[in-house]
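Since the structure comes first, as structure tokens, the remarks are kept for the end.
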Amino acid sequence: MMSGEKPSVAIIGGGISGLVCAARLSQLGITHSTVFDTGKRAPGGRCSSRFISIEGKLHVFDHAVQFFSVSDPRFAKIVSFLHNKGAVKVWSGKIVRLKLGQKASEVKNLQAFIGTRGMQSVPECLSGLVHLEGNKWVSNVHWEPSMKKWKVDDHGWYDYLVIAHNGKCAARLMADAGAPMIHNLLKVKFGPVLLPKTNIMQLCSLWVLIFALPRKIEVDFDGAFVEHSDISWIGNNTSKYNTENQMQCWTIISTKTFGANHKVPQEFIPPSKEKEVICLLLNGFAEITGIKRDLVAPCFTKVQLWGAANPLNILQDEECVFQASHNVGICGDWLVSPSVEGAAISGLALAEVISRHVNGERRDVGLKKGLEPVETEAIGAFPTNKSLFFKPAK
Ligand SMILES: Cc1cc2nc3c(=O)[nH]c(=O)nc-3n(C[C@H](O)[C@H](O)[C@H](O)COP(=O)(O)OP(=O)(O)OC[C@H]3O[C@@H](n4cnc5c(N)ncnc54)[C@H](O)[C@@H]3O)c2cc1C
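Going by my numbering, the sequence shown opens with residue 3, and the numbers climb by one from there.
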């Protein structure tokens, strides 16, 4: 970078971590950053919603994040901003725990936030603060040491590169990019149970079923953490978004074990597997809610497999990764906690590290740290209180 030149940053991934990173960079005076995201309709990654027209009416379904909670004051500031912009609200719905054959118990002391028009409102609002190149799949990045710059596909040269996604794609993207230490950290394994003493990122897979019932069924909750072999969460999108509606729109999230037992290529789900998963999850729904199976007769169903759904381990002690010699960093939920809050905190932290680097600090962050198990109960069950969900301060 020539003196006086403004640093440019390419951020690969427009989920919460990438968007927050770009927005914070801009606040810190680094305004030439571009977020590249594959999202065809919108950015947001795993924090997104589907809007589906059924019988001529548009219905919102949250098909990954169901709600989020706040425990870190830095994230509280972001949520307050989103609230002022009308993008989030408190969810006053009743959230319970459901165990087979037992009475539902209400989850107390949980302040849950949701988007105002589906969880999608959160990334939508954040994307208004950044320069976003949507519907862009970045397939090649390369570090040129003589220029100290990153080439990003045919989008040009950037002073900094941020990897704001994980999974096989991130590992592949960085394999021959010229930053082997970063590539090493992005290597990934999959499975429902964390391998003992592993220092490799491990992700689980989850199935999500969204479905609409033509008529309401009576249950005494709006969202439920579920203890069942197939299901970890069920949520009522209709009551959540107070939609005036005859229909009832539901989301079911599977357990990690179910995700692993029924894993197929997520882009090419065989129709027979789709049918099987829908049937098993609807059976589970009827069983756990005590609603007769023949009343659970949807007029719409759609399944999705999140192959790289949630991390089972996270980075020790640091909130992001940065290699000072190569102007490259990583942010994402898997560095802090598998949640919207974790992703946001990681994006914030990396923006601040890059800003300090621009101002002359030459310090690596997180490069040589190990990974530690996520301290939550089942993945697919989300924050119920601070101690359960947030990575404890050391
Ligand atoms: C089923 C499910 C339910 C969940 N429920 C909750 C919940 O209720 N509460 C909660 O707090 N958390 C929940 N989570 C976790 C939460 O979704 C994540 O922690 C958070 O959204 C991760 O954000 P991120 O920015 O780290 O990654 P992502 O959201 O994965 O963002 C990465 C982005 O990068 C893009 N990308 C990838 N490769 C490329 C490329 N080569 N070029 C361009 N773009 C690329 C992807 O398309 C994606 O948009 C849930 C997750 C799942 C899967």
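C-beta: ideal position from N, C-alpha, C; glycine also. Being a predicted model, the structure only gives us computed values, none of them experimental.
With H, G and I counted as helix, E and B as strand and the rest as coil, what does DSSP make of residue i?
i: D64; result: strand
i: L27; result: helix
i: L134; result: strand
i: K59; result: strand
i: C333; result: coil
i: S141; result: coil
i: T36; result: strand
i: G413; result: Because residue 413 is not part of the residues shown, which for the chain are 3 to 396, the question remains open.
i: T259; result: helix
i: N111; result: coil
i: F324; result: strand
i: K191; result: strand
i: E229; result: strand
i: L350; result: helix
i: L163; result: strand
i: N238; result: strand
i: I381; result: Note that I381 scores a pLDDT of 44, beneath 50, so its modelled location is shaky and nothing firm can be said.
i: R76; result: helix
i: E146; result: strand
i: R99; result: strand
i: V22; result: helix
i: T386; result: In this prediction, T386 has a pLDDT of 43, which is less than 50 and means its spatial position is unreliable; what the coordinates show is noted afterwards. It is coil, neither helix nor strand.
i: F83; result: helix
i: E126; result: helix
i: E374; result: strand
i: L205; result: strand
i: R119; result: coil
i: I356; result: helix
i: P182; result: helix
i: A311; result: strand
i: A106; result: coil
i: P394; result: Below a pLDDT of 50, predicted positions are generally treated as unreliable, and P394, at 35, falls in that range; the measurement from the model is reported next regardless. Note: P394 maps to coil in three-state DSSP.
Give me the residue from the options with the minimum Cα distance to residue i.
i: L337; options: V210, G20, E7 and V11; result: G20
i: S10; options: T245, N247 and L163; result: L163
i: L128; options: Y160, V37, L175 and R364; result: V37
i: K275; options: R99, V298, V305 and R295; result: V305
i: I18; options: E377, V376, A106 and L352; result: L352
i: I116; options: D161, Q68, I97 and L131; result: Q68
i: M203; options: L211, V22, R217 and N312; result: N312
i: N111; options: M121, Q122 and V98; result: V98
i: K105; options: G309, V323, V360 and T291; result: T291
i: W145; options: V330, V355 and A66; result: V330
i: V266; options: F192, E246 and S327; result: F192
i: Q318; options: G47, S339, G309 and I14; result: S339
i: W209; options: S28, H167, A262 and K189; result: A262
i: W152; options: E135, E126, R174 and A181; result: A181
i: N452; options: E289, S256, D366 and N168; result: Only positions 3 to 396 of the chain appear in the structure, and residue 452 is not among them; the question remains open.
i: H157; options: G16, K150 and N142; result: N142
i: A12; options: V342, H328, A172 and W159; result: W159
i: S256; options: P216, G309 and E246; result: G309
Drop a sphere of 10 angstroms on the beta-carbon of residue i, count the other beta-carbons inside from all chains shown, and report buried for 16 or more, exposed for fewer.
i: E278; result: exposed
i: S389; result: For S389, the predicted structure reports a pLDDT of 38, less than 50, and the residue's modelled location is therefore unreliable. A value from the coordinates is still provided. Classification of S389: exposed, given that the 10 Å Cβ count is below 16.
i: C333; result: buried
i: I184; result: buried
i: C301; result: exposed
i: R52; result: buried
i: W139; result: exposed
i: R26; result: buried
i: C281; result: exposed
i: P375; result: exposed
i: R295; result: exposed
i: L102; result: exposed
i: Q250; result: buried
i: D222; result: exposed
i: H133; result: exposed
i: V195; result: exposed
i: F270; result: exposed
i: Q248; result: exposed
i: D178; result: exposed
i: D64; result: buried
i: D161; result: buried
i: A299; result: exposed
i: L188; result: buried
i: E377; result: exposed
i: S55; result: exposed
i: Q29; result: exposed
Is the beta carbon of residue i within less than 7 Å of some heavy atom of ligand 3?
i: T291; result: What this structure holds is ligand 1, not ligand 3.
Original post:
Which residue spans inside the stretch 273-306 form an unbroken alpha helix (DSSP H) run of at least 4?
Top reply: 273-291, all fully within the stretch 273-306.
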